[in-house]
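Quick note, the sequences are listed as chains A and B, same order. Going by the working numbering, the first residue of the first sequence is number 82, and it counts up by one from there. Going by the working numbering, the first residue of the second sequence is number 82, and it counts up by one from there. By construction, the Cβ of each residue, glycine as well, lies at the ideal position given by its N, Cα and C atoms. Here the structure is laid out as structure tokens; the discussion comes afterwards.
Protein chains: 2
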Amino acid sequence: MKITSRFTVAVHTLLAICVLGKKYKMTSDLIASSVNVNPVVIRRTLSSLKAAGIIDVKAGSGGATPVKDAGDITLYDIYTAVDCVEGDLFNFHENPNPECPVGKNIHAVMDVHLADAQAALENELKSVTLADLIKQLNILI
Amino acid sequence: MKITSRFTVAVHTLLAICVLGKKYKMTSDLIASSVNVNPVVIRRTLSSLKAAGIIDVKAGSGGATPVKDAGDITLYDIYTAVDCVEGDLFNFHENPNPECPVGKNIHAVMDVHLADAQAALENELKSVTLADLIKQLNILI
DNA sequence: TTTTAATGTAACCGTTGACATTACAACAAA
DNA sequence: TTTGTTGTAATGTCAACGGTTACATTAAAA
């Protein structure tokens, strides 16, 4: 079980838009050739990022542009934009037996810790902005 | 996408073995009735926990018993025992374009942060032991 | 020794989600 | 009006999950 690649695709897409957008019109085809996926996959990604208010996409004439400052976009924003996880990260078995002392209390005992683990992951993603990645990238280019 | 319920099933299973094991013979059928899944699912769970050296299972006569002290079993141990995640938590798109400055460096820029996020999750799971859960549970029973 | 009750596993099924791809309508600018 | 692009529906393939049946194996009790 892994978290869908929609996430890394979305980050890649945003980096491309931010870094290459000044020089090129960032169409789904161009981005797709950098990410190396089908252009429709990129259009879906762009659609999600647009819905999240992160970018603007021009229908017809084409091209995606950032709406927010890269310093104000965290990895967590992107993560949620593309719906990597619906609600809880951990899948909990349904209907534990309420007649059993363990089944009756399993949620009371576990839920906090599962939430903590999920929060730890998400906080780490919140601590990194797109600007951080762009800075790193510009050093390497 | 969610992390497989094998994890919460395994925790539930272990709690049942530790808490109810003194009073009852913990067969896959009994555990299954507490968790509310098919007994074969529990046998698969027991098999994984046994392979990880966490419990002992008696073939034939039946019954599962703990091998390690509950204070020495973390949620992370259980998490890995049932193979919730094979290696990396985040799925990375394959073959980003090396001809593109973004595609060429996307791994160099992202990998550290993905690893950090995964480590944050895992460290949180490492910080909780089965003994912690048992203590909580005994208060509620 | 036979019976009984479990475990260990293989096999198969249905469901779900991911990702790829085709197709085409809608759109905006040249 | 032509052209290039976006938006999105539809379809296909594949893998993983969880459910279930079936049965050989095992160990202890009768």
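Write down the C-beta distance between residue i and residue j rounded to the nearest angstrom, noting that I regard them as a contact closer than 8 Å.
i        : j        : result
A/Leu96  : A/Leu214 : 6 Å
B/Leu156 : B/Val209 : 5 Å
B/Met107 : B/Gly144 : 6 Å
B/Asn88  : A/Thr89  : Going by the sequence as given, residue 88 of chain B is Phe instead of Asn. Between A/Thr89 and B/Phe88 the Cβ distance is about 24 Å, and since that is not below 8 Å, they are no contact.
A/Ile154 : A/Leu202 : So it is not a contact: roughly 18 Å between Cβ atoms.
A/Ser109 : A/Pro120 : 5 Å
If you count every other CB in all the chains shown that lies within 10 Å of the CB of residue i, and 16 or more means buried, which is it?
i        : result
B/His174 : buried
A/Glu205 : buried
B/His188 : exposed
B/Ser142 : exposed
B/Val92  : buried
B/Ala198 : buried
A/Asn186 : buried
B/Thr126 : buried
A/Thr94  : buried
B/Ile136 : buried
A/Ile98  : buried
From the options, pick the residue whose C-alpha is nearest to that of residue i; which is it?
i        : options                                : result
A/Lys149 : A/Lys139, A/Thr161, A/Arg125, A/Gly134 : A/Gly134
A/Lys83  : B/Asn176, B/Gly168, B/Asn219, B/Leu221 : B/Gly168
A/Ile222 : A/Ala198, A/Val100, A/Ile159           : A/Val100
B/Ile123 : B/Val163, B/Asp158, B/Ala151, B/Gly152 : B/Val163
A/Leu195 : B/Tyr160, B/Ile98, B/Ala132            : B/Tyr160
A/Lys103 : A/Ala132, A/Val138, A/Ala200, A/Pro147 : A/Pro147
A/Ser86  : A/Val166, A/Gln217, A/Leu218, A/Gly152 : A/Val166
B/Leu111 : A/Asn178, A/Ala200, A/Lys207           : A/Asn178
A/Asp158 : A/Asn219, A/Ala132, A/Lys216           : A/Ala132
A/Lys207 : A/Ile220, A/Asn219, A/Ala140, A/Gly152 : A/Gly152
What residues match up with residue i in a beta bridge as DSSP calls it?
i        : result
A/Thr210 : A/Thr155
A/Ile136 : A/Pro147
A/Ile222 : Answer is none; A/Ile222 lacks a bridge partner.
A/Phe173 : For A/Phe173, which the question treats as bridged, DSSP gives no partner whatsoever.
B/Ile98  : Note: B/Ile98 sits in no beta bridge, so no partner.
B/Ile84  : A/Phe171
query: Is there contact here, the region 173 to 188 of chain A with the region 105 to 118 of chain B, by at least three beta-carbon pairs under 8 Å?
result: yes
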